[in-house]
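In the working numbering, the protein residues as written are 396 to 603. No residue lacks a Cβ here, since even glycine has one placed at the ideal position from N, Cα and C. Here the structure is laid out as C-alpha cells; the discussion comes afterwards.
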Amino acid sequence: MRTIKNSLGLLAIFLCILSFAIAFTINFTPMFAFDVDYFNIPARTGLSKETILENYRILIDYLNYPWIESLQMPDFPSSESGLFHFYEVKVLFLLDYAILFISAPLSFFFLRHKKRTNTLYELIQPTRIMIILPIIALFFIFINFDQLFTTFHEVFFNNDAWLFDYRTDPIILALPQEFFMHCFILVFGLLEVGLWLIHRYTKRALGL
C-alpha cells in the first residue's frame with residue numbers, strides 16, 4: 396500500500412512540475428519577443444515586431460481564457476481548419492492548468508505527510524531516477540526535433556489541421572518550428588530544475 400501511495404505521490408509531483416513548466420513557457424512572452432528578432436520574423440511576415448507581438452498576445456489570450464470563445468487576429472486571417480487547430484490547442488492549455496491546480500495541492504500534502512512521518516528517505520532514489528527523464532528528452536530534442544515535433548502532433552491531435560498552409564493561415568510564418576523547439580527546451584529545462592529541487596529538498600530535510 397505504501398508503494399502505491401509513493402508512486403501516486405511521485406506522479407503528482409512530476410505532473411505538477413511538468414504542468415507548471417508548460418504554463419510558464421506558454422506565458423513567457425519575452426522568449427517569443429526574442430525569437431521575433433532572432434528568426435527575423437518581420438521579414439517573413441512583412442509586419443512590424445509590434446504588430447506581430449500584439450497578434451501573438453491576442454492568440455495567447457484566446458488559448459488561456461475559457462471565456463474568450465473566438466479567435467480574431469487582426470493581421471493574420473485564419474482558415475476554418477486553422478481555427479479548429481487553435482481550439483484543440485486551447486483545450487490542451489486548459490487541461491494543463493487543470494492538472495496543475497489538482498497536482499499542486501496533492502504534491503504539497505504528499506511531501507508534508509512524508510516529512511511528518513519521517514519517510515522522506517523513500518523519495519531520494521525515485522527522484523534521482525526522475526531527474527534523468529528530462530535529460531533524455533532534451534537529448535532527443537537536440538538530435539531530431541523534426542521527428543519529435545511530428546510525433547507530438549500525431550499523439551495529441553487525431554487530424555492534420557496542424558499542418559498549416561501559410562497562404563490561408565499566415566500565422567505559421569510568425570510561429571516557425573524553431574520557436575517551438577525553444578519552447579520544448581524551456582519546458583524540459585524547467586522540469587529538470589524542478590525535479591532537482593525536490594531531490595535536493597528531500598536530502599536537506601534528512602541532513603544529507
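| Asked | Found |
| --- | --- |
| Hey, out of 492, 506, 554 and 420, whose CA is closest to residue 476's CA? | 554 |
| Using the beta-carbon count (16 or more within 10 Å), is residue 457 buried or exposed? | buried |
| For the alpha helix (DSSP H) containing residue 539, list its first residue and its last residue. | From DSSP, residue 539 is part of no alpha helix (DSSP H); its letter is neither H nor E. |
| Cβ of residue 540 within 9 Å of Cβ of residue 496? | no |
| Buried or exposed: residue 461, going by 16 or more other Cβ atoms within 10 Å of its Cβ? | exposed |
| Residues in its own chain within less than 8 Å of residue 530 by CB, not counting five upstream and five downstream? | 587 |
| Drop a sphere of 10 angstroms on the beta-carbon of residue 515, count the other beta-carbons inside from all chains shown, and report buried for 16 or more, exposed for fewer. | buried |
| Taking the beta carbon of residue 487 as the centre, do at least 16 other beta carbons fall within 10 Å, making it buried, or is it exposed? | exposed |
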